[in-house]
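Input: a single structure, listed below in structure tokens.
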Amino acid sequence: MPIDEIAILNCQIHNLSQQELLEQLTQGVVVTPNIDHLMRLQKDPEFHRLYTQADYRVCDSRIIFMLCKLFYPKRHLKAQITGSDLFPAFCSYHKKNTDIKIFLLGGSEESVKTAAHNINASNGRDIVCDYYSPPFGFEQSDAESERIIQRISQSEATVLAVGVGSPKQENWIFKHKERLTNIKIHFAIGATIEFQSGSLKRSPQWMTKMGLEWLYRLCQEPKRLAKRYLIDDLPFLWLYTKQRLGLYKKPW
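Here the numbering used here is used: the first residue of the sequence shown is 293, the next is one more, and so on.
Put into structure tokens, the structure is as follows:
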């Protein structure tokens, strides 16, 4: 049965609750569009092409969720499903399912090791069977990507969670997923490894519910995130307004 979709600019977001997604997710690629991704989709045809190939595109942004609820009161998104919420929920959902074994790719050597330990401890088994912190620029090195592919292939993993930032993580998944024949589910999870390790803190719930998680992240990493949040992402509100007025045109 086809999944209901809601168009936000030129992205078709799947309209699922987190529980529905967990129950359906047995294979495929999961991406979590946020405002930064939606803005990149306006100017990067290759990123857009990969995004359309994802099996699940679920709303990561509270702002998108609230705008959709405001303007589509009879048919709005069921839930905001952040990668940082979805991935630990997936681990918990499958904590007794020994067919699910996860490879973590991303983070620093210390953070990915700690994240793996924390995830395994909270789920009562070694659901994370291996992990690797790739060096800077790994995606541009065929030799390094080959080493990663071999390590994943030699592990017992059936799930790959890549947290190296967008669009790097999506590009790497789609470029190499056909060779990773043991992997059934691919997650693009952004900063989730750092959250799971404790090296980065999630925003308080009240800030998340008000759509202010971006502000909390900005205060944590101002040098890295200031341009993204304060310059690159600002046109989203204007583009969304144009869509509501029937004036938005897809860039290609």
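Backbone N, C-alpha and C fix where the C-beta goes; we use that ideal spot for every residue, glycine too. This structure is a prediction, so every number in the text was calculated from the model and none was measured.
- Where H409 is concerned, the enclosing alpha helix (DSSP H) starts and stops at 401-415.
- Rounded to whole angstroms, the gap between the alpha carbons of E438 and L472 is 11 Å.
- For A453, the enclosing beta strand (DSSP E) begins and ends at 451-455.
- Of the residues assessed, N326 falls on the buried side of the cut-off, its CB having 16 or more other CB atoms within 10 angstroms.
- Ranked by how close their Cα comes to the Cα of R494, the residues I419, D377, K405 have D377 in first place.
- With a minimum length of 3 residues, the unbroken runs of beta strand (DSSP E) contained wholly in the region 319-354 fall at 320-323.
- Here L362 is exposed: its Cβ has fewer than 16 other Cβ atoms, across all protein chains shown, within 10 Å.
- Annotated as proximal: G455 and G398, with beta-carbon spacing under 8 Å.
- Boundaries cannot be given for D391, as no beta strand (DSSP E) includes it and DSSP labels it neither H nor E.
- Per DSSP, the continuous alpha helix (DSSP H) segment holding A518 begins and ends at 514-519.
- Rounded to the nearest angstrom, the gap between the Cα atoms of F339 and V323 is 12 Å.
- Closest by C-alpha distance to F357, out of S309, K515, N389, Y385, is S309.
- If you draw a straight line from the Cα of R536 to the Cα of I300, it is about 10 Å long.
- Straight through space, the alpha carbons of E401 and E436 are spaced by roughly 16 Å.
- Remark: C-beta atoms of I477 and L317 approach each other more closely than 8 Å.
- Residue environment for D391: exposed (fewer than 16 other C-beta atoms within 10 angstroms of its C-beta).
- Contact check for T450 against N474 passes: the beta carbons are separated by less than 8 Å.
- By the Cβ criterion, the region 366-385 is in contact with the region 338-352, since at least three pairs of Cβ atoms, one from each stretch, lie closer than 8 Å.
- Secondary structure at A480: strand, using DSSP grouped into helix, strand and coil.
- Annotation note: the region 482-513 contains no uninterrupted beta strand (DSSP E) run of length 3 or greater.
- Annotation for I440: the continuous alpha helix (DSSP H) segment containing it runs 434-446.
- Of the candidates I295, K515, E297, N302, N302 places its Cα closest to the Cα of K541.
- For H306, there is no enclosing alpha helix (DSSP H); the residue is found in the beta strand (DSSP E) stretching over 303-306.
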